[in-house]
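Here the protein sequences line up with chains A and B, keeping their order.
In terms of our numbering, the first sequence opens at residue 1 and continues consecutively.
In terms of our numbering, the second sequence opens at residue 1001 and continues consecutively.
Just so you know, even glycine gets a beta-carbon here, dropped at the ideal spot from N, CA and C.
In what follows, a single structure is set out as structure tokens and then discussed.
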Amino acid sequence: MARPHPTAKEEASTPLPGHIFVRYGAINATGDVEFSVSGDKRDGFGRPGRSGIIVNLSDHNMIFQISADGHKYSNEITLPAFGVGFPNFMQITYDDGVLIHSIRLHGVAGDQFGIVIAPGRNPEGFIPQFAPAMEEPGPLRKISKSKVK
Amino acid sequence: MSHPHPSVKEEASTPLPGHIFVRHGDLPASGEVTFCIANDKLDGFGRPGRTGIIKYDGFKGGELLVQISPDGQKFSNDIHLLIAFASYPNFIEIKYDDRIYIHTIRLRGIPTEHYSIIIMPGRDEE
Chain A
1 MARPHPTAKE EASTPLPGHI FVRYGAINAT GDVEFSVSGD KRDGFGRPGR
51 SGIIVNLSDH NMIFQISADG HKYSNEITLP AFGVGFPNFM QITYDDGVLI
101 HSIRLHGVAG DQFGIVIAPG RNPEGFIPQF APAMEEPGPL RKISKSKVK
Chain B
1001 MSHPHPSVKE EASTPLPGHI FVRHGDLPAS GEVTFCIAND KLDGFGRPGR
1051 TGIIKYDGFK GGELLVQISP DGQKFSNDIH LLIAFASYPN FIEIKYDDRI
1101 YIHTIRLRGI PTEHYSIIIM PGRDEE
């Protein structure tokens, strides 16, 4: 698990733009583990993530569900055991249009998993910025005082 | 199958932005199964999906035939997904840039063979 800097307690509770949500570890004794990507006090974005990857690093099949709002979960998506099936991960991109508010994992206690969720770009996308047109500088001129009357 | 929160029975029948459509199971005795992603009451988006993965987990032999419809009426020709582990690939992945509308999916194959479907709504147009 990530260890924030000791002096960053206040900042850690504030959503940090562009931060990445990373969790890896083992399924606990209940066989269930849940992450609120949106509301996590340390690494949460304050809004659902839009892209990421979920990996099964174990020798057993693992099941996960994604929720767009923290209440309604998707059906179960099975990630095959590492080396047995393909793929043992699922990648979500911004173009998929999925909101990753919460993730729930089911598996065998002690099995390893990895989660990386990124906030995704802003909906308005890339806005090209154009530099304002400037007049080309003309030739430098000198006007002598003798000609000014 | 997922177990929606008890308090969200109403929301479950309403398209939820950013939700993901997931189905997996065995082909029925008829060998054919159809999923209407756009109008599914539990997980439908209220519009066709734009990205996803359709995977064949069969091991007895034969192929899984996949057809995709953008409007629920006109279907594509058959896409053949090969048996798992024997051939590659045993899945088809559809991306947003493919510009496909996944309104309805029809699967045909050997009864009791396993399939998986993951369909996502796709980002909003810009």
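At a cut-off of 8 angstroms between beta carbons, SER36 of chain A makes no contact with chain B.
Neighbours of ILE1020 of chain B across chain A, judged by C-beta separation under 7 angstroms: ILE66, SER74 and VAL98. Of the candidates A:LEU16, A:GLY46, A:ASP59 and A:ASN122, A:ASP59 places its Cα closest to the Cα of GLN112 of chain A.
Note: ALA1038 of chain B is not bridge-paired with any residue in the DSSP secondary-structure output. Per DSSP, reduced to three states, the secondary structure at TYR1101 of chain B is coil, with no helix or strand assignment. Taking the beta carbon of ARG1023 of chain B as reference, the chain A residues within 7 angstroms of it are ASN75, listed in sequence order. Cβ-Cβ separation between ARG23 of chain A and PRO119 of chain A: approximately 15 angstroms, too far for a contact (criterion under 8 angstroms). Bridge partners of ARG23 of chain A according to DSSP: A:ILE115. For the segment 29-62 of chain A, the set of residues with a beta-carbon nearer than 9 angstroms to any beta-carbon of chain B comprises PRO48 and ARG50, in chain order. For PHE1021 of chain B, the enclosing beta strand (DSSP E) begins and ends at 1021-1026. Around the beta carbon of SER1030 of chain B, a 10 Å sphere encloses fewer than 16 other beta carbons of the protein chains shown; the residue is thus reported as exposed. By the C-beta density criterion, SER1076 of chain B is exposed, having fewer than 16 other C-beta atoms within 10 angstroms. Neighbours of ILE1118 of chain B in chain A, taken as residues whose beta carbon is under 7 angstroms from its own, are ILE77 in chain order.
Counting only the Cα atoms, VAL116 of chain A lies some 9 angstroms from GLN91 of chain A. It is roughly 7 angstroms from the alpha-carbon of ILE53 of chain A to the alpha-carbon of PHE89 of chain A. A distance below 8 angstroms separates the beta carbons of ILE1117 of chain B and HIS1024 of chain B. In the same chain as ARG1123 of chain B, and ignoring 5 residues on each side of it, the C-beta atoms closer than 7 angstroms to its own belong to TYR1096, in chain order. DSSP places GLU1093 of chain B in the uninterrupted beta strand (DSSP E) bounded by 1091-1094. Contact of GLY1122 of chain B with chain A by beta-carbon distance below 7 angstroms involves ASP95, ASP96 and GLY97.
The secondary-structure analysis by DSSP pairs GLU1032 of chain B across a beta bridge with B:ARG1108.
Only residues of its own chain outside the window of five on either side were considered, and among them GLY44, PHE45, GLY46 and ARG47 have a CB closer than 8 angstroms to the CB of PRO15 of chain A, listed in chain order.
Among the residues of chain A, none has a CB under 8 angstroms from the CB of TYR1101 of chain B; the nearest is roughly 13 angstroms distant. Residue pairing of GLY1052 of chain B in beta bridges, as defined by DSSP: B:ILE1094 and B:ILE1119.
Taking all protein chains in view, the Cβ of THR30 of chain A is surrounded by fewer than 16 other Cβ atoms within 10 Å, so the residue is classified as exposed.
Annotation for LEU79 of chain A: the continuous beta strand (DSSP E) segment containing it runs 77-79.
Taking C-beta atoms under 8 angstroms as the contact rule, THR1051 of chain B and ILE1094 of chain B qualify, at a distance of about 6 angstroms. About 16 angstroms separates the CB atoms of LEU1042 of chain B and VAL1033 of chain B; that is not less than 8 angstroms, and the two are not in contact.
Nearest CB-CB separation between ASP69 of chain A and chain B: below the 8 angstroms threshold.
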